[in-house]
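Enquirer:
Residue numbers (this note's numbering): 9 to 72.
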């Protein structure tokens, strides 16, 4: 049973949960590889942004 009442809110999360449960029960190896690569890429981008913010904050303190 799949009920979608809106584009935002809990219903969207419910649909995503159904899709993720389907993939967890019947994973294709290419999907697993793609999701793992996306996860690694997103974490790497977050780490790079945090490092840039820290570096910029220290460099601004030196100039002032």
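Ideal Cβ placement from N, Cα and C applies to all residues, glycine included.
So, with DSSP's three-state summary, where would you put residue 60?
Expert: Taking the chain shown and counting its residues from 1, one reaches residue 60 at position 52. Of the three classes helix, strand and coil, the one that applies to residue 60 here is helix, per DSSP.
Enquirer: Residue 67 to residue 44, Cα distance in whole Å?
Expert: As a working note, residue 67 is residue 59 in the chain shown. As a working note, residue 44 is residue 36 in the chain shown. Going from the Cα of residue 67 to the Cα of residue 44 covers about 35 Å.
Enquirer: Measure the alpha-carbon distance for residue 53 versus residue 63 and round it to whole angstroms.
Expert: Start at 1 with the first residue of the chain shown, and residue 53 comes out as number 45. Start at 1 with the first residue of the chain shown, and residue 63 comes out as number 55. Each residue's alpha carbon lies about 15 Å from the other.
Enquirer: For residue 46, name the three-state secondary structure that DSSP assigns.
Expert: Locating residue 46 in the chain shown gives position 38, where the first residue counts as 1. Correct three-state label for residue 46: helix.
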